[in-house]
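J.: Handing you this structure, nothing more for now.
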Amino acid sequence: MITISKSLKFILAGIAFILVIPLVAMQFNTEVNWTISDFLVAGSLLMFFGFLLETAIRKIHNLSSRVVIIIALLIILFLIWAELAVGIFGTPFAGN
C-alpha cells in the first residue's frame with residue numbers, strides 16, 4: 015500500500031487551491047482565458063517548486079541558509095510564472 019505523507023497532501027492541496035482561482039475567475043470574467051495546457055504547465059511548475067521547497071525544508075538544517083534558499087526558490091518561481099504569463103524578459107516562452 016502506498017502511503018501519502020502529510021506534507022505531500024499539503025502541497026497537492028495548495029496546488030489545487032491555486033489552480034481553482036483562475037478556473038473560478040474564468041466563469042465570471044472573459045479576460046481570464048486559460049486553456050488546458052495553461053493548467054497543466056501551471057500545475058507542473060507548482061508541483062516542481064513545491065517538491066523543491068519541501069526538500070529544502072527537510073534537508074537544510076541551518077535556519078539562515080534555509081530562509082535564503084526558500085526565498086531564492088520563490089523568486090525564481092515568480093519570475094518564471096511572470097515570464098510565462100506576460101513575457102517580462104522577451105523569451106520565446108512569453109505568454110503574449
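In short: position in the sequence shown from 1, add 14, done, that's the numbering used here.
The C-beta atom is built at its ideal place from N, Cα and C for all residues, glycine as well.
Every value quoted in this text rests on a predicted model; they were computed, and no experiment measured them.
1. Contact between the stretch 56-70 and the stretch 29-41 is defined here as three or more beta-carbon pairs at a separation below 8 Å; is this criterion met?
2. Run through DSSP, which three-state label would G28 get?
3. Candidates D52, F65 and L77: which alpha carbon is nearest V100's?
4. How would you call L60, buried or exposed, if buried means at least 16 neighbouring beta carbons within 10 angstroms?
5. Tell me the rounded alpha-carbon separation between S19 and H75.
T.: To lay it out plainly:
1. yes
2. helix
3. D52
4. buried
5. 20 Å
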